[in-house]
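Worksheet for the structure shown next.
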Amino acid sequence: ALPCLKAGYEYRWMSGDFLFHGQPLLTENETVGHVIIFVDITEKKLREFQLRQAESLAALTNLSAGVAHEIKNPLTSIDIHIQLLNREVQKFDQNNSETAKNVKNFLTIVKEEIDRLNSIVQDFLFAVRPMSLNFSTENINDIVKEMIDFLKYELIEAEIDIRLDLDKNISGVVVDPKYLKQALLNLIKNSIEATGNGGEIRVKTEEVADGDVAVYIIDNGEGIPENIMSKIFEPYFTTRKSGTGLGLVIVYKILKELGGDLTINSKVDEGTVVRVKLPVLEKNKKLLTFEENDEGQVVNS
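Heads up: the sequence shown begins at 315 in the working numbering, then just goes up one per residue.
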């Protein structure tokens, strides 16, 4: 008679990394051997763990966004009533008494703190919520010039010499212009603050070795110490009194969503080089393609 398999057994290693199945091999009533299969389940366990982490993070993100939204509503109400209180104080105290001055100062402090909290909540919501992107083909040089023009008076006031070195033959990039402008605006403003009065900022565009487009923001400011460099992308880390610590986190998120990248190199007393890398049109073309079914509906985009 031919050997046949009998109902088997299953064991798991104490570490949980291996699973093995065993089945006796029988001929009539005699066991002639065993079939044993070892299965390495390390990767399976890792994927399950990562999935649980992702689900927990998604739930926490939704909860945090909900809490932040609930905080934002009363803050808006408080802000409005602070403004109303200011008007009432002015209305009932025409002589500008010392008491009225003190009340106005207190209200000003409260208003500033409310504005700061609002800024923190808005930045937090932007950092955790999914982004709705509208891609289009853009000339990166035009976007850079628009941002520099927007910051013109800030640059003049800080007496900063701004130099543009833009590659005229640069390829088009597929981006969401609104979000890219926000990212570049934040980075250039960071350079303005780091450079200080009388400094120099150079903005350069070029195609890099792998065919992507790069924007460099180079300043001769104070630079970033090594012990701080390792923390600049951490949420809520800031060296500024009025900072939320989410600026670079948001910029990094935007650039990653656009298929790009952000790198920062800095030396104390020498300055900082920020590189924004973006995919060119040919490499990101899939973002602009779609297929239609017989009824003219988009089925793949």
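Ideal Cβ placement from N, Cα and C applies to all residues, glycine included. Only a predicted model underlies this, so the values are computations on that prediction, with no experimental measurement involved.
CA-to-CA distance, residue j to residue i, given in whole angstroms
i: Leu-389; j: Gly-525; result: 47 Å
i: Leu-562; j: Thr-509; result: 17 Å
i: Asn-534; j: Asp-475; result: 11 Å
i: Ala-523; j: Lys-591; result: 11 Å
i: Ile-568; j: Ala-528; result: 15 Å
i: Thr-378; j: Ile-542; result: A small correction: the amino acid at residue 378 is Ser; Thr does not occupy that position in the sequence shown. Straight-line Cα distance between these residues: approximately 27 Å.
i: Leu-431; j: Ser-505; result: 24 Å
i: Pro-593; j: Asp-429; result: 37 Å
i: Leu-365; j: Ala-382; result: 25 Å
i: Val-293; j: Ser-433; result: No answer is possible for residue 293: it lies beyond the span of the chain, which begins at 315 and ends at 615.
i: Lys-466; j: Ala-497; result: 17 Å
i: Glu-426; j: Pro-539; result: 30 Å
i: Leu-360; j: Glu-369; result: 14 Å
i: Ala-472; j: Asn-376; result: 41 Å
i: Gly-574; j: Lys-358; result: 31 Å
i: Asn-410; j: Asn-416; result: 10 Å
i: Glu-619; j: Glu-384; result: What the structure shows of the chain is the stretch from 315 to 615, and residue 619 is not part of that stretch, so it cannot be assessed.
i: Lys-459; j: Ile-470; result: 16 Å
i: Asn-419; j: Phe-464; result: 33 Å
i: Pro-549; j: Ile-394; result: 30 Å
i: Gly-380; j: Lys-405; result: 39 Å
Residues near residue i in its chain [Cβ-Cβ closer than 8 Å; skip 5 each side]
i: Phe-551; result: Lys-545, Gly-559
i: Asn-455; result: Leu-480, Asp-481, Lys-482, Ile-484, Thr-519
i: Arg-477; result: Glu-514, Ile-515, Arg-516, Val-517
i: Ala-315; result: Because the pLDDT of Ala-315 is 46, which lies under 50, any placement of that residue in the model is unreliable, and the number read from its coordinates should be weighed accordingly. Result list for Ala-315: Thr-341, Glu-342, in chain order.
i: Leu-421; result: Ile-396, Leu-399, Asn-400, Val-403
i: Glu-468; result: Lys-503, Ile-506
Close beta carbons around residue i, own chain, < 6 Å, minus the five adjacent residues each side
i: Asp-331; result: Thr-356
i: Thr-603; result: With a pLDDT of only 47 at Thr-603, under the threshold of 50, the placement of this residue in the model should not be trusted; the figure read from the coordinates follows. Result list for Thr-603: empty, nothing under 6 Å.
i: Ala-414; result: Val-403, Asp-407
i: Ser-580; result: Gly-537, Ile-538, Thr-586
i: Lys-599; result: With a pLDDT of 49 at Lys-599, under the threshold of 50, the predicted position of this residue should be treated as unreliable, and no value is reported.
i: Leu-319; result: Caution is warranted here: a pLDDT of 48 is assigned to Leu-319, below 50, making its placement in the model unreliable, and the coordinate value is therefore given only provisionally. Correct list, in chain order: Gln-337.
Rounded Cβ spacing between residue i and residue j (contact assumed at less than 8 Å)
i: Val-487; j: Glu-521; result: Actually they are not in contact, since the Cβ atoms of Val-487 and Glu-521 sit about 10 Å apart, beyond 8 Å.
i: Asp-437; j: Ile-564; result: 6 Å
i: Ile-531; j: Lys-495; result: Not quite, the Cβ-Cβ distance comes to about 14 Å (not below 8 Å), so this is no contact.
i: Val-587; j: Leu-501; result: That pair is no contact at about 11 Å.
Beta-carbon proximity of residue i to residue j, cut-off 8 Å
i: Leu-572; j: Val-442; result: no
i: Leu-333; j: Val-349; result: no
i: Gly-537; j: Glu-584; result: yes
i: Leu-499; j: Met-445; result: no
i: Lys-386; j: Val-435; result: yes
i: Leu-447; j: Tyr-493; result: yes
Residues sharing a beta bridge with residue i, DSSP
i: Phe-352; result: Phe-334
i: Asp-479; result: Lys-518
i: Glu-627; result: Residue 627 is absent from the model: the chain starts at 315 and stops at 615.
i: Lys-581; result: Gly-585
i: Gly-347; result: Leu-339
i: Asp-575; result: Lys-591
i: Glu-452; result: Val-487
i: Val-527; result: Glu-521, Leu-592
i: Ile-532; result: Arg-516, Val-587
Neighbourhood of residue i by C-beta, 7 Å cutoff - its chain only, sequence neighbours within 5 removed
i: Tyr-566; result: Phe-547, Leu-576
i: Ile-392; result: Ile-428
i: Thr-553; result: Ile-542
i: Lys-570; result: none
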